[in-house]
Amino acid sequence: MARTVNGAFEEFLKESVNLDPNDTSSARSSRDWLVKQINILPSKHAGFLDIYEEVHIHYGSFARRTKIRELDDLDIIIGLKSLGATYVDSGDAVQITVPSNSAFQALCHDNSLLLNSRRVINTFVKALSDVPQYARAELKRNGSAAVLNLSSYPWSFDIVPGFFTTPESDGRTYYVIPNGSGHWMKTDPRVDQARVPRINQANGGHVLAPLRLIKYWNRRPTMPTIPSYLLECMVLNYYEYRNDASQYPDIEVISLLLYIAGAVLSSVQDPKKIQGDINSLDWDERLAIHTRASQDARRASSARELEASGDHQGSIRKWGEIFGPAFPEYTI
């Protein structure tokens, strides 16, 4: 319950949008403990892959502080030593060739020396099932990760095996991770991890709140859902060359809705400069999102006008039309 628009947004962010601080703390502790258990797997399983601890990296929206509640997953890339393996990037996929008689040979595609990412993931699934705390956990392989679901926590862990490359001809290094089809792909979560705080700090720390609000808006069943990473990239593109974000997130939401209405119709380039256009939405989905974002931008503008006239009750009601029933109601 709130008496002012600012109060309503503060309550909404705290109670419905931002992660619960206790969950955040617990998730980090459980994640760090899990990584320690993974690091000692080679000492417990003869022939297990050589772990390259120095290149482990937490990635995904939780690591970037852009996750909204409820916390459902945490992503970890676990570094592996290459042991003489080499890779070729064909554009569609990265193929990793291992030396004959290496520890990787049993994990290759049949009748080849090409490393099979599915078999590497399965190695983690099998080994983790022997960790006492995880013996009764649900462990499975999805396209690119070993997924660990614990009954003691509402979140899962996506454990992604990966290699860290030596510098290529342009000086860049990459992570090479499973592509979901048995081979591999390049990525570089360091780019995204550096981009978020850089843009947020350039705008006085006022980017994370509207970004999370837009992610919440995107979840509502009023239009096709924009993939989370794509939406995050669009929001960051909007702020990339600005340094004047308002401390009032409702003001930023209006501008972001207008921006998304246009940006969703166009290509959105991968900030890591690896994938090219990451906007995979079909045209009907883009039009539906464009329409909804435009409509909600008009509602948001009306809400601002009501607030400016002193009608906080009417303004809060209008914001509730945009964000749904979890948005606080006006109270006298």
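Plus 412 on top of the position in the sequence shown (first one is 1) and you've got the numbering used here.
Glycine included, C-beta positions come from ideal geometry on N, C-alpha and C.
Source: prediction; values computed, not measured.
Helix, strand or coil at residue i [DSSP, three-state]
i      : result
Ala558 : strand
Asp435 : helix
Glu550 : strand
Gln681 : strand
Ala414 : strand
Trp731 : helix
Thr703 : helix
Leu693 : coil
Tyr628 : helix
Pro601 : helix
Ile589 : strand
Ile463 : strand
Gly574 : strand
Ser441 : helix
Phe516 : coil
Phe739 : coil
Leu525 : coil
Ser714 : helix
Ser568 : strand
Contact belief for residue i with residue j at Cβ below 8 angstroms, rounded distance in angstroms
i      : j      : result
Val417 : Ser727 : 5 angstroms
Trp596 : Ile508 : 6 angstroms
Ser442 : Tyr565 : 6 angstroms
Asp682 : Gly688 : 6 angstroms
Gln449 : Val572 : That pair is no contact at about 16 angstroms.
Ser593 : Ala505 : 7 angstroms
Asn528 : Leu519 : 6 angstroms
Gly690 : Pro636 : Checking the sequence shown, residue 690 turns out to be Ile, not Gly. In fact, because the Cβ distance is near 16 angstroms, the residues do not count as touching under 8 angstroms.
Arg698 : Leu677 : 5 angstroms
Arg477 : Val647 : Wrong, their Cβ atoms sit about 13 angstroms apart, outside the cutoff.
Pro740 : Ala515 : 57 angstroms between Cβ atoms; not a contact.
Minimum C-alpha distance to residue i - residue among the options
i      : options                           : result
Phe424 : Ser667, Pro622, Ser563 and Leu461 : Pro622
Lys685 : Asn523, Leu492, Arg584 and Val500 : Arg584
Asp432 : Met413, Asn451 and Leu483         : Leu483
Arg553 : Met597, Gly491, Asn523 and Phe569 : Phe569
Phe575 : Gly496, Ser564, Gly617 and Leu670 : Gly496
Phe460 : Asn451, Leu693, Pro636 and Gly472 : Asn451
Ser502 : Leu620, Arg729 and Asn591         : Asn591
His618 : Pro633, Glu652 and Ile638         : Glu652
Ser437 : Ser679, Phe516 and Trp567         : Trp567
Glu466 : Arg477, Val447 and Ala458         : Val447
Tyr587 : Tyr464, Ala458 and Ala715         : Tyr464
Thr578 : Ser494, Ala700 and Ser678         : Ser494
Ile490 : Ser721, Val559, Asn612 and Gln517 : Val559
Gly616 : Ala606, Met635 and Arg654         : Arg654
Val500 : Asp485, Leu525 and Trp695         : Leu525
Gly736 : Ser428, Ala414, Glu422 and Gly419 : Ser428
Phe421 : Glu664, Asp582 and Leu693         : Glu664
Arg530 : Phe739, Ile666, Asp522 and Gly555 : Gly555
Gly419 : His724, Ala715 and Ser714         : His724
Trp629 : Leu669, Trp695 and Lys730         : Leu669
Ile488 : Thr498, Ile734, Ala439 and Gly722 : Ala439
Ile589 : Glu580, Gln613 and Tyr471         : Tyr471
Trp445 : Glu733, Asn534, Gln545 and Ser455 : Gln545
Pro511 : Thr498, Ala475 and Asp522         : Thr498
Asn649 : Glu717, Pro661, Lys426 and Ser667 : Ser667
Ile638 : Tyr660, Gly722, Val680 and Ile611 : Val680
Pro454 : Asp435, Ala475, Leu492 and Asn561 : Leu492
heavy atom of the ligand SAH below 8 angstroms from residue i C-beta
i      : result
His595 : Absence of the ligand SAH from the depicted structure is noted, as is the absence of any ligand whatsoever, leaving it without description.
Ignoring anything shorter than 4 residues or poking outside the region 637–673, list the alpha helix (DSSP H) runs there in chain order.
640–651
Could I get the ranges of all uninterrupted beta strand (DSSP E) runs contained in the region 467–511, with 3 residues as the minimum, in chain order?
469–471, 485–491, 498–501 and 506–509
Any contact of the region 534–541 with the region 599–618, i.e. 3+ C-beta pairs under 8 angstroms?
no
Counting pairs of beta carbons, one from the region 639–656 and one from the region 706–726, are three or more of them closer than 8 angstroms?
no
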